[in-house]
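Chemist:
There are 2 protein chains.
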Amino acid sequence: MEKKQIALGVFLMGTGHHMASWRHPDVPADGFEDFNFYREVAEIAEKGKLDMIFLSDGLSFHRLSHPAELVRLDPLTLLPALAAVTKKIGLAATASTTYNEPFHLARKFASLDHISNGRSAWNVVTSYYEHEASNFSKKEHLAHDLRYERAGEFVEVVKGLWDSWEDGVLIRDKESGVYFNSDKLHSLNHEGKHFSVKGPLNASRSPQGHPVIVQAGSSEDGTTLAAQTADVIFTAQQTLEGAQQFYKKVKKKVIASGRKPDEVKIMPGVSPFIGRTEAEAKEKYEQLQDLIVSEIGLDFLSDYLGGMDFSNLSLDDQLPDEIPKTNGNQSRRELIIELARRENLTIRELYKRIAGARGHFTIFGTPEQIADQLEAWIVAEGADGFNLMPQYLPGGLSEFVEQVIPILQQRGLFRKEYDYSTLRGHLGLLMPESKYSALKTR
Amino acid sequence: MEKKQIALGVFLMGTGHHMASWRHPDVPADGFEDFNFYREVAEIAEKGKLDMIFLSDGLSFHRLSHPAELVRLDPLTLLPALAAVTKKIGLAATASTTYNEPFHLARKFASLDHISNGRSAWNVVTSYYEHEASNFSKKEHLAHDLRYERAGEFVEVVKGLWDSWEDGVLIRDKESGVYFNSDKLHSLNHEGKHFSVKGPLNASRSPQGHPVIVQAGSSEDGTTLAAQTADVIFTAQQTLEGAQQFYKKVKKKVIASGRKPDEVKIMPGVSPFIGRTEAEAKEKYEQLQDLIVSEIGLDFLSDYLGGMDFSNLSLDDQLPDEIPKTNGNQSRRELIIELARRENLTIRELYKRIAGARGHFTIFGTPEQIADQLEAWIVAEGADGFNLMPQYLPGGLSEFVEQVIPILQQRGLFRKEYDYSTLRGHLGLLMPESKYSALKTR
Numbered sequence: 001m002e003k004k005q006i007a008l009g010v011f012l013m014g015t016g017h018h019m020a021s022w023r024h025p026d027v028p029a030d031g032f033e034d035f036n037f038y039r040e041v042a043e044i045a046e047k048g049k050l051d052m053i054f055l056s057d058g059l060s061f062h063r064l065s066h067p068a069e070l071v072r073l074d075p076l077t078l079l080p081a082l083a084a085v086t087k088k089i090g091l092a093a094t095a096s097t098t099y100n101e102p103f104h105l106a107r108k109f110a111s112l113d114h115i116s117n118g119r120s121a122w123n124v125v126t127s128y129y130e131h132e133a134s135n136f137s138k139k140e141h142l143a144h145d146l147r148y149e150r151a152g153e154f155v156e157v158v159k160g161l162w163d164s165w166e167d168g169v170l171i172r173d174k175e176s177g178v179y180f181n182s183d184k185l186h187s188l189n190h191e192g193k194h195f196s197v198k199g200p201l202n203a204s205r206s207p208q209g210h211p212v213i214v215q216a217g218s219s220e221d222g223t224t225l226a227a228q229t230a231d232v233i234f235t236a237q238q239t240l241e242g243a244q245q246f247y248k249k250v251k252k253k254v255i256a257s258g259r260k261p262d263e264v265k266i267m268p269g270v271s272p273f274i275g276r277t278e279a280e281a282k283e284k285y286e287q288l289q290d291l292i293v294s295e296i297g298l299d300f301l302s303d304y305l306g307g308m309d310f311s312n313l314s315l316d317d318q319l320p321d322e323i324p325k326t327n328g329n330q331s332r333r334e335l336i337i338e339l340a341r342r343e344n345l346t347i348r349e350l351y352k353r354i355a356g357a358r359g360h361f362t363i364f365g366t367p368e369q370i371a372d373q374l375e376a377w378i379v380a381e382g383a384d385g386f387n388l389m390p391q392y393l394p395g396g397l398s399e400f401v402e403q404v405i406p407i408l409q410q411r412g413l414f415r416k417e418y419d420y421s422t423l424r425g426h427l428g429l430l431m432p433e434s435k436y437s438a439l440k441t442r
Numbered sequence: 001m002e003k004k005q006i007a008l009g010v011f012l013m014g015t016g017h018h019m020a021s022w023r024h025p026d027v028p029a030d031g032f033e034d035f036n037f038y039r040e041v042a043e044i045a046e047k048g049k050l051d052m053i054f055l056s057d058g059l060s061f062h063r064l065s066h067p068a069e070l071v072r073l074d075p076l077t078l079l080p081a082l083a084a085v086t087k088k089i090g091l092a093a094t095a096s097t098t099y100n101e102p103f104h105l106a107r108k109f110a111s112l113d114h115i116s117n118g119r120s121a122w123n124v125v126t127s128y129y130e131h132e133a134s135n136f137s138k139k140e141h142l143a144h145d146l147r148y149e150r151a152g153e154f155v156e157v158v159k160g161l162w163d164s165w166e167d168g169v170l171i172r173d174k175e176s177g178v179y180f181n182s183d184k185l186h187s188l189n190h191e192g193k194h195f196s197v198k199g200p201l202n203a204s205r206s207p208q209g210h211p212v213i214v215q216a217g218s219s220e221d222g223t224t225l226a227a228q229t230a231d232v233i234f235t236a237q238q239t240l241e242g243a244q245q246f247y248k249k250v251k252k253k254v255i256a257s258g259r260k261p262d263e264v265k266i267m268p269g270v271s272p273f274i275g276r277t278e279a280e281a282k283e284k285y286e287q288l289q290d291l292i293v294s295e296i297g298l299d300f301l302s303d304y305l306g307g308m309d310f311s312n313l314s315l316d317d318q319l320p321d322e323i324p325k326t327n328g329n330q331s332r333r334e335l336i337i338e339l340a341r342r343e344n345l346t347i348r349e350l351y352k353r354i355a356g357a358r359g360h361f362t363i364f365g366t367p368e369q370i371a372d373q374l375e376a377w378i379v380a381e382g383a384d385g386f387n388l389m390p391q392y393l394p395g396g397l398s399e400f401v402e403q404v405i406p407i408l409q410q411r412g413l414f415r416k417e418y419d420y421s422t423l424r425g426h427l428g429l430l431m432p433e434s435k436y437s438a439l440k441t442r
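Protein sequence lines correspond, in order, to chains W and A.
The UniProt record's numbering numbers the first residue of the first sequence as 1 and each following residue consecutively.
The UniProt record's numbering numbers the first residue of the second sequence as 1 and each following residue consecutively.
This is the structure we're talking about:
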């Protein structure tokens with residue numbers, strides 16, 4: 001029997017996931033806003049036959065913290081440029097449902113899908129920082145449940161707009177002068193709590209039908225929405241046991257939503273350090289850790305814990321028993337508290353742990369050891385694939401592509417060449433039928 | 001003395017300005033959503049050393065009318081892809097101030113400026129179709145004066161955000177770990193009638209300082225706003241006399257705003273038909289005119305006159321004396337009515353006239369005759385340059401580049417090679433100083 005194939009994305013955040021990556025001797029410190037830097041990274045990823053490039057985003061400046069949270073190129077501006085210099089790799093952009101309009105995003109992702117011949121994907125997020133609200137004429141951000149309610153309606157509208165033009169609607173018959181068949185064009189006429197959108201979209205049905213939907217919320221609200229609407233779920237899991245529980249829970253929700261478990265791919269983030277020995281891999285990690293400036297590390301931890309005040313604590317203390325709840329990202333906050341308690345980490349140890357992988361699973365070893373760990377998670381149903389989070393770029397990615405990918409290929413776990421030209425093809429996802437065509441044929 | 005140089009842009013609307021261009025035998029009817037089509041057009045324009053490519057836009061579907069008003073790629077998604085496959089040509093995208101947020105647009109145009117190394121431009125427009133409102137959860141569109149008020153505040157916020165990071169703020173010293181100089185980073189803290197935006201922008205100051213601002217409103221409100229804030233004014237002028245009056249009026253307003261007349265370039269649209277003889281040029285025009293489907297032409301005219309009802313009129317009638325005023329594009333409506341009255345056109349003749357150039361100046365002739373007419377407008381102070389509006393693509397543009405550009409170059413009116421790598425450089429515009437740097441140095 002053929003082995004289950006691993007899906008692999010690479011998640012890009014500036015010059016690497018590690019907050020101090022820019023200080024690494026091999027990293028171009030100004031890569032954050034340099035197209036040629038991203039072009040090189042995309043070319044390496046495509047050489048490795050990866051499923052997709054995945055761009056993180058945020059809609060505000062964060063003082064201190066990761067440099068990508070100071071300045072970063074807009075993903076929906078960067079990805080079209082990368083589409084023009086790559087051929088096969090999928091292109092996923094993070095875009096917020098909190099401070100956007102569904103018509104704009106539906107059109108942009110459809111346009112990217114046309115331009116890239118079917119490689120576009122949208123990582124659906126809700127915005128949760130106070131300062132993001134203040135950049136968009138809002139006094140405060142929406143509460144967690146309202147953000148998810150809005151996100152659900154937002155995705156519904158976007159998918160509806162993507163169905164505006166059925167396949168075959170554009171006739172373009174030069175002889176008769178008939179441009180399109182108006183029977184196959186549909187207004188959405190959506191009237192909801194958060195949006196009213198008439199449509200139709202002024203972009204025709206794109207090569208993938210619907211661009212791929214990615215979601216990253218791991219809270220109850222988040223996974224429920226993802227199980228109903230996403231093609232890919234991106235999650236942070238620290239242990240195989242945790243990953244298995246999450247996998248089982250989400251696939252159950254997928255089935256409960258009337259979908260097949262295979263229609264949703266679960267891809268935890270993983271941050272690999274590769275060496276000739278495990279010790280060398282750990283040395284590479286420590287080399288980066290030593291570059292963290294302590295006040296920045298602390299500011300970062302505070303941010304992840306919803307603005308927690310550390311002024312009465314020493315760096316050698318552990319987290320206090322009571323940590324005030326906030327209206328920010330819930331699942332990440334809980335993950336970090338759990339990590340601190342599980343391993344009895346001091347505050348300094350804790351910020352160092354999350355500053356690199358930002359709460360994601362970090363693995364160390366030889367290329368074989370890395371491949372073993374990835375394979376183990378796939379076999380044990382902890383994941384359908386991974387979102388690689390190289391801690392410094394382009395080195396962290398090129399090492400993986402040159403050293404680990406060939407092993408996965410030899411083991412029959414990963415493609416040697418692209419079999420398809422669309423991201424849906426790479427991921428083994430079907431092209432959704434337009435809801436209007438479906439009505440006629442069923 | 002060196003001759004005044006002509007600025008030249010090419011304004012793209014699908015496969016050509018003419019509504020029937022897609023039926024032309026040499027035009028790819030499906031070019032509207034094909035990246036390779038736009039890539040070819042951009043390469044021709046860059047071969048011709050043009051200042052910029054200029055993408056029109058709209059935020060809704062229009063039944064009948066020009067095919068680009070049915071479906072068209074989002075300009076801010078298409079231009080980054082074109083940036084990756086060109087080197088020097090400027091890249092201007094139309095984006096509405098009515099249904100966008102200043103933070104998003106400031107960031108997207110700054111990102112495009114980074115990606116293209118200083119070639120980004122924003123054509124600032126207000127949205128005026130009813131159906132656009134209904135795609136953005138609005139019951140009706142803003143009235144004309146409120147749209148312009150909002151547009152003025154929008155541009156002010158965008159420019160303020162572009163100044164967030166002063167030159168030299170990003171230190172990125174690997175040794176010390178200092179990433180930026182917080183003295184040179186500024187929050188905008190804008191509180192206005194339409195927007196409150198805190199900032200700073202999460203994009204650093206881009207290669208042009210401020211991407212080039214283009215404006216196309218020719219009404220009193222439109223020209224006042226443009227004189228205060230634009231670098232380029234795009235206008236529709238049918239006659240040299242009209243163009244001269246407009247030129248004089250706008251340059252006066254520029255001076256009244258405390259700017260130098262040269263700081264704003266006036267570029268009327270011009271639609272050239274080139275033949276070996278003038279008669280052959282006119283034949284090319286008639287070939288396209290004959291491809292117009294009459295009900296589409298009528299629908300188009302009605303649209304430009306704010307939804308006017310023609311059901312009681314024959315195609316051979318002239319326009320009635322009274323034409324109801326609407327809340328749409330005023331300057332274009334008046335231009336069309338004036339054209340009909342001046343030349344005593346029937347309704348059929350009128351829609352045929354505007355269906356091609358869409359109210360812009362159409363010229364016919366040999367390459368020399370075309371060059372003569374362009375030169376005459378420059379010499380007589382009717383224009384600083386032109387926005388070419390080829391009526392079919394890529395043919396209408398490649399003929400101009402191959403046959404007219406060499407003549408303009410021989411006459412010393414147009415560059416033979418690019419002297420600069422930024423759009424501001426091509427246009428002879430200075431890079432604006434950050435308002436915060438200006439405070440320190442003046």
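By construction, the Cβ of each residue, glycine as well, lies at the ideal position given by its N, Cα and C atoms.
(1) Output, in sequence order along the chain, the residues in the segment 19-51 of chain A whose CB is closer than 7 Å to any CB in chain W.
(2) From the DSSP output, read off the bridge partner residues of residue 122 of chain W.
(3) Does the segment 87-98 of chain W touch the segment 117-134 of chain W, meaning 3 or more C-beta pairs lie closer than 8 Å?
(4) Using 8 Å as the Cβ pair cut-off and three pairs as the minimum, do the segment 220-232 of chain A and the segment 258-269 of chain A touch?
(5) Would you mind stating whether residue 272 of chain W and residue 44 of chain W have Cβ atoms separated by less than 7 Å?
(6) Give me the chain W residues within the contact set of residue 119 of chain A, using Cβ-Cβ distance strictly less than 7 Å, ordered along the chain.
(7) Applying the 10 Å Cβ sphere with the 16-neighbour rule, what's the burial state of residue 312 of chain A?
(8) Kindly indicate which three-state DSSP category residue 362 of chain A falls into: helix, strand or coil?
(9) Is there a Cβ from chain A that is less than 7 Å from the Cβ of residue 196 of chain W?
(10) Only counting runs of 4 or more residues, tell me where the alpha helix (DSSP H) segments fall wholly within the segment 54-113 of chain A, in order along the chain.
(11) How long is the line joining the alpha carbons of residue 442 of chain W and residue 154 of chain W, rounded to whole angstroms?
(12) Quick check: residue 371 of chain A and residue 397 of chain A, are their CB atoms within less than 7 Å of each other?
(13) Which of the three DSSP states is assigned to residue 237 of chain W in this structure?
(14) Taking only three categories from DSSP, how would you classify residue 169 of chain A?
(15) Report the partner residues of residue 438 of chain W according to the DSSP bridge assignment.
(16) Thinking C-beta only, is residue 382 of chain A closer than 7 Å to residue 243 of chain A?
(17) Answer with yes or no whether the minimum CB distance from residue 205 of chain A to chain W is below 7 Å.
(18) Figure out for me which residue from A:437, A:31, A:87 and A:285 has the closest Cα to the Cα of residue 47 of chain A.
(19) In the DSSP assignment, find the unbroken beta strand (DSSP E) run with residue 386 of chain A in it and report its ends.
(20) Listed in chain order, which residues of the segment 68-84 of chain W have Cβ atoms closer than 7 Å to some Cβ of chain A?
(21) Smallest Cα separation from residue 282 of chain A: which of A:203, A:35, A:412 and A:364?
(22) So residue 273 of chain A is in the beta strand (DSSP E); what residue range does that whole segment cover?
(23) Would you mind telling me which residues of chain A sit closer than 8 Å to residue 149 of chain W, beta carbon to beta carbon, in chain order?
(24) At a CB-CB cut-off below 7 Å, which residues of chain W make contact with residue 293 of chain A?
(25) Please name the residue in W:36, W:104 and W:166 whose C-alpha comes closest to that of residue 117 of chain A.
(26) According to DSSP, which residues form a beta bridge with residue 300 of chain A?
(27) Is the beta carbon of residue 20 of chain W less than 7 Å from the beta carbon of residue 291 of chain W?
(28) What are the boundary residues of the alpha helix (DSSP H) that includes residue 133 of chain W?
(29) Is the Cβ of residue 112 of chain A closer than 7 Å to any Cβ of chain W?
(30) Are the beta-carbon atoms of residue 105 of chain A and residue 157 of chain A separated by less than 7 Å?
(31) Look at residue 360 of chain A and residue 51 of chain A and say whether their C-beta atoms are less than 7 Å apart.
(32) Alpha carbon to alpha carbon, how far is residue 233 of chain W from residue 438 of chain W?
(33) Closer than 6 Å by C-beta to residue 66 of chain A: which residues in its own chain qualify, once you throw out the five before and the five after it? Chain order, please.
(34) Give the single residue among W:405, W:320 and W:215 whose Cα lies nearest to the Cα of residue 268 of chain W.
(35) Look at residue 32 of chain A and residue 85 of chain A and say whether their C-beta atoms are less than 7 Å apart.
(36) Taking 7 Å as the CB-CB cut-off, is residue 108 of chain W touching chain A?
Modeler: The relevant details are as follows:
(1) If the cut-off is 7 Å between Cβ atoms, the segment 19-51 of chain A has 22, 23, 29, 30, 33 and 35 near chain W.
(2) For residue 122 of chain W, which the question treats as bridged, DSSP gives the partners W:93 and W:213.
(3) Yes: the two stretches touch, three or more of their Cβ pairs being nearer than 8 Å.
(4) Yes: the two stretches touch, three or more of their Cβ pairs being nearer than 8 Å.
(5) No, they are not a contact pair.
(6) Chain W residues near residue 119 of chain A: none, gap ~12 Å exceeds 7 Å.
(7) Classification of residue 312 of chain A: exposed, given that the 10 Å Cβ count is below 16.
(8) Here residue 362 of chain A carries a strand assignment [DSSP, helix/strand/coil].
(9) Using a CB distance cut-off of 7 Å, residue 196 of chain W counts as an interface residue toward chain A.
(10) Contiguous alpha helix (DSSP H) elements confined to the segment 54-113 of chain A occur at 75-83, taking only those with 4 or more residues.
(11) Confidence at residue 442 of chain W is low in this model, with a pLDDT of 42, below 50, so its placement is unreliable and no value can be given for it.
(12) Going by C-beta atoms, residue 371 of chain A is not nearer than 7 Å to residue 397 of chain A.
(13) Here residue 237 of chain W sits in coil by DSSP.
(14) Three-state result, residue 169 of chain A: coil.
(15) Residue 438 of chain W pairs with nothing; no bridge assigned.
(16) Contact flag set, yes.
(17) No - not a single Cβ of chain W is within 7 Å of the one on residue 205 of chain A.
(18) With distances taken between Cα atoms, residue 47 of chain A lies closest to A:87.
(19) Note, residue 386 of chain A: beta strand (DSSP E), 385-388.
(20) The segment 68-84 of chain W vs chain A, Cβ under 7 Å: 70, 71, 72, 73, 74, 76, 77, 78, 80, 81, 83 and 84.
(21) Selected option, being the one with the closest Cα: A:364.
(22) For residue 273 of chain A, the enclosing beta strand (DSSP E) begins and ends at 265-274.
(23) Ordered by position in chain A, no residue passes the 8 Å Cβ test against residue 149 of chain W, which lies about 15 Å from the chain.
(24) Those are 177, listed as they occur along chain W.
(25) Selected option, being the one with the closest Cα: W:36.
(26) Paired residues: none, contrary to the question.
(27) The answer is yes: Cβ separation under 7 Å.
(28) From DSSP, the alpha helix (DSSP H) with residue 133 of chain W extends over 130-133.
(29) Nearest CB-CB separation between residue 112 of chain A and chain W: below the 7 Å threshold.
(30) For residue 105 of chain A and residue 157 of chain A, no; Cβs fall outside 7 Å.
(31) Cβ atoms of residue 360 of chain A and residue 51 of chain A: not closer than 7 Å.
(32) Going by C-alpha positions, residue 233 of chain W is about 26 Å away from residue 438 of chain W.
(33) Non-local C-beta neighbours of residue 66 of chain A in its own chain, meaning closer than 6 Å and more than five positions away in sequence, comprise 19, ordered along the chain.
(34) Relative to the Cα of residue 268 of chain W, the nearest Cα in the group W:405, W:320 and W:215 belongs to W:215.
(35) No, Cβ-Cβ distance for residue 32 of chain A and residue 85 of chain A is not below 7 Å.
(36) At least one chain A Cβ lies under 7 Å of residue 108 of chain W.
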